[in-house]
Amino acid sequence: VWVSTGTGSPVTKPSGGGSLSLGNVLTDKEFQIRNSDSALCLDTMGKNDGPFDMHVFQCHGQGGNQGFSYTQEKQIRHKDNCLDASVRKANAPVVVLECHEQHGNQVWEHKDGTLYHPGTGMCLDRNLANSGGRIVMNTCDGRASQKFKFAEYQKNV
Numbered sequence: 005v006w007v008s009t010g011t012g013s014p015v016t017k018p019s020g021g022g023s024l025s026l027g028n029v030l031t032d033k034e035f036q037i038r039n040s041d042s043a044l045c046l047d048t049m050g051k052n053d054g055p056f057d058m059h060v061f062q063c064h065g066q067g068g069n070q071g072f073s074y075t076q077e078k079q080i081r082h083k084d085n086c087l088d089a090s091v092r093k094a095n096a097p098v099v100v101l102e103c104h105e106q107h108g109n110q111v112w113e114h115k116d117g118t119l120y121h122p123g124t125g126m127c128l129d130r131n132l133a134n135s136g137g138r139i140v141m142n143t144c145d146g147r148a149s150q151k152f153k154f155a156e157y158q159k160n161v
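Below, the structure is given as structure tokens:
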């Protein structure tokens with residue numbers, strides 16, 4: 005398990021157990037990213053090699069497809085992949101790509117309960133997606149479908 009140090013170099017969890025804390029990121033923790041308006045969480049739908057569209061699915065609290073970390077570089081990370089938004093238009097897709105450490109399209113801010121994307125000036129939006137549906141980017145307007153929280157659970161490492 006790794007956490008970025010800001011230098012692009014990974015830091016690994018000590019082999020003798022214990023936790024490595026770096027700023028506000030704890031390497032033995034993952035988060036599910038839950039839409040506050042539903043029981044739906046971001047989910048990779050079993051895909052691990054990008055690019056692919058990000059979806060939502062019924063929250064199960066078991067990690068795997070719903071296990072994410074939020075790095076000091078403000079990346080939302082699933083394994084070696086990051087959420088990426090490069091299109092500035094309503095209902096634009098949010099894709100998952102290999103993390104490239106160049107910031108820009110892969111920078112997200114958890115701001116007022118939303119996942120705000122400074123590069124596009126838009127917010128992550130569940131929109132009308134039901135379980136299994138694709139998430140999109142939309143103008144930030146504070147609607148419930150744009151509110152997400154990081155729900156912590158213990159990762160099996």
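Mapping to my numbering: the sequence shown position 34 is 38, numbers consecutive.
From the three backbone atoms N, C-alpha and C, an ideal C-beta is built for every residue, glycine too.
Next on the checklist: My output table needs one value for S135: the three-state DSSP class, helix, strand or coil.
Outcome noted: Position 131 of the sequence shown, counted from the start, is the residue given in the question as residue 135. Of the three classes helix, strand and coil, the one that applies to S135 here is coil, per DSSP.
Next on the checklist: Between which residues of its own chain and G136 is the CB-CB distance below 7 Å, once the five residues before and five after are set aside?
Outcome noted: Against the sequence shown, residue 136 aligns to sequence position 132. Exclusion of the five residues before and after G136 leaves H59 and F61 as the residues of its chain whose Cβ lies within less than 7 Å of its Cβ.
Checklist entry - Buried or exposed: where does D53 fall if 16 or more other Cβ atoms within 10 Å of its Cβ makes it buried? => result As a first step, residue 53 must be located in the sequence shown, where it is residue number 49. That one is exposed.
Item to check | Bounding residues of the beta strand (DSSP E) (the contiguous stretch that carries M58) | outcome: Mapped onto the sequence shown, residue 58 falls at position 54. That residue, M58, is in no beta strand (DSSP E); it is neither H nor E in DSSP.
Item to check | V140, enclosing beta strand (DSSP E) - first and last residue | outcome: As a working note, residue 140 is residue 136 in the sequence shown. Note, V140: beta strand (DSSP E), V140 to T143.
Item to check | Rounded straight-line distance, which links the Cα of G108 to that of R81 | outcome: For the purposes of this step, residue 81 is taken as residue 77 along the sequence shown, with counting starting at 1. For the purposes of this step, residue 108 is taken as residue 104 along the sequence shown, with counting starting at 1. For R81 and G108, the distance between alpha carbons rounds to 14 Å.
Checklist entry - Are the beta-carbon atoms belonging to F56 and V100 less than 9 Å from one another? => result By one-based count along the sequence shown, residue 56 stands at place 52. By one-based count along the sequence shown, residue 100 stands at place 96. Taking 9 Å as the cut-off, the Cβ atoms of F56 and V100 count as close.
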